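Structure first, then comments.
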Amino acid sequence: MNVTDKRKGIDYLIEALRKIEKQDVELVVFGQVKDDIRGLFPVPIHSMGYLSDESKIVALYNAVDMFITSSLEENLPNTIMESMACGTPCVGFEIGGIPEMIDHKINGYVASYKDASDLANGIRWVLEHEDQQALSDACVKKVQENYTEEVVAKQYMALYKRLLHQKK
Numbered sequence: 016m017n018v019t020d021k022r023k024g025i026d027y028l029i030e031a032l033r034k035i036e037k038q039d040v041e042l043v044v045f046g047q048v049k050d051d052i053r054g055l056f057p058v059p060i061h062s063m064g065y066l067s068d069e070s071k072i073v074a075l076y077n078a079v080d081m082f083i084t085s086s087l088e089e090n091l092p093n094t095i096m097e098s099m100a101c102g103t104p105c106v107g108f109e110i111g112g113i114p115e116m117i118d119h120k121i122n123g124y125v126a127s128y129k130d131a132s133d134l135a136n137g138i139r140w141v142l143e144h145e146d147q148q149a150l151s152d153a154c155v156k157k158v159q160e161n162y163t164e165e166v167v168a169k170q171y172m173a174l175y176k177r178l179l180h181q182k183k
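Each residue of the sequence shown is one higher than the last, beginning at 16 in our numbering.
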């Protein structure tokens with residue numbers, strides 16, 4: 016976790032976590048977290064280190080309640096697709112392709128850009144959602160309908176056909 020890289024929006028995540036009233040919130044981090052940085056967070060942090068084993072990554076997504084990205088610059092983050100493919104809802108800022116991936120209050124929460132209070136609202140919304148299974152199912156459905164290899168291949172084929180017809 017690189018807290019010096021302002022593009023990661025870690026300051027907003029820290030502020031959002033300070034606004035969460037629940038005492039049993041913990042943060043699981045992909046990557047390393049230096050000891051001096053741990054003290055900045057108001058919740059316990061579990062650093063998983065670098066993970067490349069797909070089964071361990073899937074197990075981690077399945078073990079958490081949500082995936083949070085506080086990034087301030089994103090396109091279509093693979094981490095959101097991976098999380099939702101595992102049925103894990105996502106919370107992130109309204110930036111880049113994130114609003115296309117997360118259907119607000121259906122399979123996650125899209126927070127207003129650079130708004131730590133709204134990011135906290137999103138975390139609360141997922142934690143307090145009355146039907147966690149429906150939320151999880153909506154995540155998987157989104158990936159199956161939009162991001163599988165088959166769906167993406169069909170989209171490319173349709174694009175190529177349109178381009179070929181335009182040249183004629």
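A virtual CB, placed ideally from N, CA and C, is assigned to each residue, including glycine. Every value quoted in this text rests on a predicted model; they were computed, and no experiment measured them.
Three-state secondary structure (DSSP) of residue i
i, result
"residue 144", "coil"
"residue 101", "coil"
"residue 84", "strand"
"residue 163", "coil"
"residue 155", "helix"
"residue 70", "helix"
"residue 20", "coil"
"residue 89", "coil"
"residue 181", "helix"
"residue 55", "coil"
"residue 30", "helix"
Beta bridge counterpart(s) of residue i as assigned by DSSP
i, result
"residue 60", "42"
Cutoff 7 Å; reference residue i; Cβ partners in own chain excluding five residues on either side
i, result
"residue 58", "32, 40, 41 and 42"
"residue 27", "85, 129, 131 and 134"
"residue 73", "101"
Beta-carbon contacts of residue i that lie in its chain and below 6 Å, excluding the five residues immediately before and after
i, result
"residue 133", "126 and 127"
Beta-carbon separation (whole angstroms), residue i vs residue j, contact threshold 8 Å
i, j, result
"residue 121", "residue 107", "So it is not a contact: roughly 14 Å between Cβ atoms."
Min CB distance residue i to chain B below 8 Å
i, result
"residue 115", "Checking the listed chains, one finds no chain B in this structure; it contains a single protein chain."
Check your understanding: Curious, which full-length alpha helix (DSSP H) runs of at least 4 residues does the stretch 107-139 contain?
Key -> The DSSP assignment places 113-116 as complete runs of the alpha helix (DSSP H) inside the stretch 107-139, in order along the chain (cut-off: 4 residues).
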